[in-house]
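In this note's numbering, the protein residues as written are 7 to 669. Glycine residues also receive a C-beta, built at the ideal position from the N, C-alpha and C atoms. Here is the structure we will look at, set down as structure tokens.
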């Protein structure tokens, strides 16, 4: 009997997926709350609803208004954020959602945009919110004053003034003089709000222990620092004291375990901005470096079916439980009081976020054949099982290409990649191929569902991808490509392509390549260094490290270092410029021949639009076939978090480009 023909994965299926986010257990673990996002009917945005799991059963709690989970007020009450037509710009509407059912009830309106909320007592909260350093006490304005300032801002809407760096940030546009301030929120007898940090101070990581609020921060008026201070605010006395202020570490992810304050700390001296941090203890105004696992904390295994984030680590009793990027997958490790680790979960796939309670760990997981779902297991790592089935229908009766691992050696390293095969694959036929290159460069591919690659496999392409030197998951030394861009990494990709063509019937004259961010850099590098591809798709790319250094939101800190310029070197020296230019694809664009599609977003502040424009013009003046598609209102996250209609148009553009040049 002939097997049933499965349906192809379509570009429009992006509108059929559900994207869970922001897992949070109630204090005693009775409930597990999260938000679930789906594309709006018109494809211009996403609608988020609150869901709660009790006794293993998911229940939808909201439906009418866009809602995101914020914090548990108590075991039976979840605080959520909602926006209505009456919501005022620059404020945050918080509601109380009872687990007993019924409509969410309005709780408070915060006079700033909320980023983080922590509960201290039933009536006292600590919050991180956005302020303008030029008007740091605007949150105290009454209604007439607020309206007057809004009218004044409307008069100046045609102007933007910048006088510091960074003055913009990807996903937030122009942020000149914006800061993240720490606030105290009192709700007994009416709402009272008090700013606790200075107007030029940025608050990052926040952790609480009883009435103590620990936070990392940096203060600047002209140029942001990468190094952090640590303070503690004592809510019972109203005093703030310094915990650490030597400004010699980048300090992230504060956490308290067994009464001790820990963090992730990096001095960035050996491997630059991307250097893996130590787990460290902060005590007596000193930092004690404890251990460095040589694996990345958090998840760096890239997929395109995650929309919202959540926690990458959490404390449970005397365990600190963290996501770890280990080679080509996301693992879950538990660290004890000596910061010795035990591996709790170590299977293939991508895990973007988790949460823990007394006896369980909940996590979001993307597997090779399935988009994101919520999973749960015992605190010891036993009995992992799936709790939700949001995306079962989206993949049912669809052809899902499973990854076939391919091992190879290149530049003295043992590497591996994967190959996705079309439905009804016949080794006696020839197929067009697509090489996909991840971003980062400290990103990583793994065996996780990747919508765009499934679309191409369904369209009859053999799709292949790999983790080259520079990728995450194998420690600092492996990931360090500073001053090597376009050398060993390029050779790895060429060697991998050779291995794929040896092992599978890919038509050598119908091989395409695509990549974004660092992958976009590599597409631009391909243009000037090889003619083996019949078509290239360069997304959110890099043409010149010189222009990027002085435009990108992380430019002065990240980009020169990647080209071998030292942290203390003069960025404007001829020597520095020579290094930046040496690794710029634009330098090698003369003689390029490969037809090239460019995808860029006009609000991308990480790899700004002029990078794609430069490369496109450099090829076009040589009569190379080019096409530049600019997405308005989108940023660096277009392929992962852009409007559904834009994500579909982007993928359609790339697919059409490949179809045209492999026909």
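May I ask you to report which of helix, strand or coil DSSP gives residue 576? Here residue 576 refers to the residue found at position 570 of the chain shown. In the structure shown, residue 576 sits in coil (DSSP, three-state: anything other than H, G, I, E or B).
Here's the rule: buried if 16 or more other CB atoms are within 10 angstroms of the residue's CB, otherwise exposed. What is residue 150? In the chain shown, the residue the question calls residue 150 occupies position 144. Label assigned to residue 150: exposed.
Going by other Cβ atoms of all chains shown within 10 Å of its Cβ, with 16 needed for buried, is residue 573 buried or exposed? The residue you call residue 573 lines up with position 567 of the chain shown. Answer is exposed; the Cβ neighbour count stays below 16.
What residue ranges within the stretch 112-182 form continuous alpha helix (DSSP H) runs of no fewer than 4 residues, ordered along the chain? 149-161
Return the residue from the list 652, 496 and 390 that minimises the CA-CA distance to residue 441. Start at 1 with the first residue of the chain shown, and residue 441 comes out as number 435. Looking at the Cα atoms, 496 is the closest of the given residues.
Inter-residue spacing [alpha-carbon to alpha-carbon] between residue 274 and residue 60: Here residue 274 refers to the residue found at position 268 when the chain shown is read from its first residue. Here residue 60 refers to the residue found at position 54 when the chain shown is read from its first residue. Each residue's Cα considered, the two are about 44 Å apart.
Are the beta-carbon atoms belonging to residue 372 and residue 327 less than 7 Å from one another? Here residue 372 is taken as the residue at index 366 of the chain shown, counted from 1. Here residue 327 is taken as the residue at index 321 of the chain shown, counted from 1. No, the pair does not count as a contact, with Cβ atoms beyond the cut-off.
Tell me whether the beta-carbon of residue 212 lies closer than 7 Å to the beta-carbon of residue 134. Your numbering for residue 212 matches position 206 in the chain shown. Your numbering for residue 134 matches position 128 in the chain shown. Yes, the Cβ-Cβ distance between residue 212 and residue 134 is below 7 Å.
Taking the C-alpha atoms as reference points, what is the distance between residue 13 and residue 404? Numbered from 1 along the chain shown, position 7 holds the residue referred to as residue 13. Numbered from 1 along the chain shown, position 398 holds the residue referred to as residue 404. Their Cα atoms are separated by approximately 5 Å.
Taking the beta carbon of residue 183 as the centre, do at least 16 other beta carbons fall within 10 Å, making it buried, or is it exposed? Looking up residue 183 in the chain shown gives position 177. Residue 183 is buried by the Cβ-count criterion.
Give the list of continuous alpha helix (DSSP H) stretches no shorter than 4 residues that lie fully inside the stretch 542-628. The alpha helix (DSSP H) runs of length 4 or more contained entirely in the stretch 542-628 are, from start to end of the chain, 551-555, 561-568, 580-588 and 615-626.
Quick one: is residue 579 buried, meaning 16 or more other Cβ sit within 10 Å of its Cβ, or exposed? Residue 579 sits at position 573 when you count from the first residue of the chain shown. By the neighbour-count rule (16 or more Cβ atoms within 10 Å), residue 579 is not buried but exposed.
Per DSSP, what are the beta-bridge partners of residue 422 in this structure? For the purposes of this step, residue 422 is taken as residue 416 along the chain shown, with counting starting at 1. Answer is 413.
For residue 368, name the three-state secondary structure that DSSP assigns. One-based indexing of the chain shown puts residue 368 at position 362. In the structure shown, residue 368 sits in a strand (DSSP, three-state: E or B).
Strictly under 7 Å for the Cβ-Cβ distance: is residue 270 near chain C by that measure? Given the protein chain composition of this structure (a single chain), no chain C is represented.
According to DSSP, is residue 652 part of a helix, a strand, or is it coil? Within the chain shown, the letter at position 646 stands for residue 652. Residue 652 falls in the helix class under three-state DSSP.
Quick one: residues in its chain with C-beta nearer than 6 Å to the C-beta of residue 210, no 5 flanking neighbours on either side, listed in chain order? Against the chain shown, residue 210 aligns to sequence position 204. Around residue 210: 222.
Measure the C-alpha to C-alpha separation of residue 503 and residue 233 and round it to an integer number of angstroms. The residue labelled residue 503 in the question sits at position 497 within the chain shown. The residue labelled residue 233 in the question sits at position 227 within the chain shown. Each residue's alpha carbon lies about 41 Å from the other.
If we ignore side chains and look at the alpha-carbon of each, how far apart do residue 417 and residue 277 end up? The sequence position of residue 417 within the chain shown is 411, counting from 1. The sequence position of residue 277 within the chain shown is 271, counting from 1. Each residue's Cα considered, the two are about 20 Å apart.
Identity of the residues DSSP links to residue 99 by a beta bridge: For the purposes of this step, residue 99 is taken as the residue at position 93 of the chain shown. For residue 99, which the question treats as bridged, DSSP gives the partners 88 and 115.
Taking the beta strand (DSSP E) that residue 289 falls in, what are its first and last residues? Here residue 289 corresponds to residue number 283 of the chain shown, with the count starting at 1. Taken as a continuous stretch (DSSP letters only), the beta strand (DSSP E) holding residue 289 covers 284-289.
Just list the residues that DSSP pairs residue 312 with in beta bridges. For the purposes of this step, residue 312 is taken as the residue at position 306 of the chain shown. For residue 312, which the question treats as bridged, DSSP gives no partner whatsoever.
Tell me the DSSP secondary structure of residue 271 in three-state form. Numbered from 1 along the chain shown, position 265 holds the residue referred to as residue 271. Correct three-state label for residue 271: strand.
Are the CB atoms of residue 385 and residue 394 nearer to each other than 7 Å? If you number the chain shown from 1, residue 385 lands on position 379. If you number the chain shown from 1, residue 394 lands on position 388. Going by C-beta atoms, residue 385 is not nearer than 7 Å to residue 394.
Between which residues of its own chain and residue 67 is the CB-CB distance below 7 Å, once the five residues before and five after are set aside? In the chain shown, residue 67 corresponds to position 61, counting from 1. These residues qualify, in order along the chain: 56, 57, 58 and 103.
Validate contact between the stretch 498-517 and the stretch 604-617 using beta carbons, cut 8 Å, 3 pairs: Contact between the stretch 498-517 and the stretch 604-617 is absent, because fewer than three Cβ pairs lie under 8 Å.
Separation of residue 370 from residue 302, as counted between CA atoms: Taking the chain shown and counting its residues from 1, one reaches residue 302 at position 296. Taking the chain shown and counting its residues from 1, one reaches residue 370 at position 364. Straight-line Cα distance between these residues: approximately 18 Å.
With which residues is residue 31 paired in a DSSP beta bridge? Counted from its first residue, the chain shown places residue 31 at position 25. Paired residue(s): 38.
Tell me the DSSP bridge mates of residue 404? By one-based count along the chain shown, residue 404 stands at place 398. DSSP lists 13 as partners of residue 404.
On the criterion of 16 or more Cβ atoms from any shown chain inside 10 Å, does residue 408 qualify as buried, or is it exposed? Locating residue 408 in the chain shown gives position 402, counting from the first residue. Counting Cβ neighbours within 10 Å, residue 408 comes out exposed, since fewer than 16 surround it.
What does residue 266 pair with, by DSSP beta-bridge criteria? Stepping through the chain shown from its first residue, residue 266 is reached at position 260. The partner list for residue 266 (beta bridge, DSSP) reads 263.
Quick one: Cα of residue 198 to Cα of residue 98, how far? Mapped onto the chain shown, residue 198 falls at position 192. Mapped onto the chain shown, residue 98 falls at position 92. Roughly 15 Å separates the two Cα atoms.
For residue 298, which residues from the same chain have a beta carbon less than 8 Å from its beta carbon, with the 5 sequence-adjacent residues on both sides left out? The count along the chain shown starts at 1 and reaches residue 298 at position 292. Hits under 8 Å: 282, 283, 284 and 285.
Thinking C-beta only, is residue 601 closer than 7 Å to residue 667? Locating residue 667 in the chain shown gives position 661, where the first residue counts as 1. Locating residue 601 in the chain shown gives position 595, where the first residue counts as 1. The answer is yes: Cβ separation under 7 Å.
By a C-beta neighbour count over all protein chains shown, 10 Å radius and 16 as the cutoff for buried, is residue 146 buried or exposed? Along the chain shown, read from residue 1 onward, the residue named residue 146 stands at position 140. Result: exposed.
Once you ignore the five residues that flank residue 225 on each side, which residues in its own chain have a CB closer than 6 Å to its CB? On the chain shown, residue 225 is found 219 positions in, with the first residue counted as 1. Cβ neighbours of residue 225 beyond the five flanking positions: 206 and 207.
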